[in-house]
Amino acid sequence: MNRRNFLKILFSALGIFSLSGLWISTRVGDKKRNYQFPDPLSDLFKDSVNIYPPGAVDDFTSKCISCGICADVCRQLGYNAITFTSLKDGLSSALPVVKDMRDNPCTLCMECTKVCPTGALIEIPKDKVRMGIALIDFSICLGWNGDVCLSCSKACPLGARVFEFYNSEWGNQPYINENCVGCGYCVKFCPVGGSAIKVVDIKTYKSGRDKYLAEFKKLLSISSEERYEIVYGENLPKILERGKEFEREYQ
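In structure tokens:
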């Protein structure tokens, strides 16, 4: 029996889409979910950060007047990607952000930049956008744990410019490079409950970059025996735990 067939049997036997004991809390309006399991990469990137709309200038927080026009046009187009921060963490006013990428990633249409009255958002080519960078949590990514997925790379509007693949006995494993613009489409289409991908702002990424890359290189260098122990002993149980949540997200 090969590894792929083993995984299929394992997922079926454990009932990935009929697990019990998971719960979800939803607030009307922002659809914020409260998972029993941690966010992807919660050990490396713990702080929640604001992902501003595409084309945000360096002094965005001082130029933005919180008029809401960008969010209005986003909503009128049916994308609903732009929402607002709450008045906390020392902010003097609510700011537009792209927050719920699991449901509403940024389409990079750039229409919000065309209506901004202050120049806080400016229209730029979509491959020059730097909202943030998407990072894969290899411990819960199907592609890094014996399955063939590729959903993230297929969803990415920049495709091969952003995604690299590492071929091994474990399959074609995805990696997101620093050309990523942070739109969040990979987050939305990841089939793991709660997503195995997290978008962080560039400043936060730079603060944890060395540790993230070190863990990635370590993963590439471990022996097959170690990899088996990690995948079947640690990672697959975590992925299975998220199975019911995936079913709830996409009912």
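Taking full-length UniProt numbering, the leading residue of the sequence shown gets 1, the next gets one more, and so forth.
From the three backbone atoms N, C-alpha and C, an ideal C-beta is built for every residue, glycine too.
Residue range G171 to I176 is occupied by the beta strand (DSSP E) that includes I176. Sequence-distant partners of I124 (beyond 5 residues in either direction) whose C-beta falls short of 8 angstroms from its own C-beta, in its chain, are P54, G55, M110 and T113. The beta carbon of S66 is closer than 8 angstroms to those of F84, S93, A94, L95 and P96 in its chain, skipping five residues each way along the sequence. DSSP places T107 in the coil class of the three-state scheme, outside both helix and strand. No residue range can be given for I124, since it is assigned to no alpha helix (DSSP H) and is classified by DSSP as neither H nor E. Checking the DSSP bridge columns, you'll see L135 partnered with K198. By the C-beta density criterion, I222 is exposed, having fewer than 16 other C-beta atoms within 10 angstroms.
Residue pairing by DSSP puts P96 in a beta bridge opposite F84. Selection P117, V129, N104 and S139 evaluated against Y232 yields S139 as nearest (Cα-Cα).
Here S42 carries a coil assignment [DSSP, helix/strand/coil].
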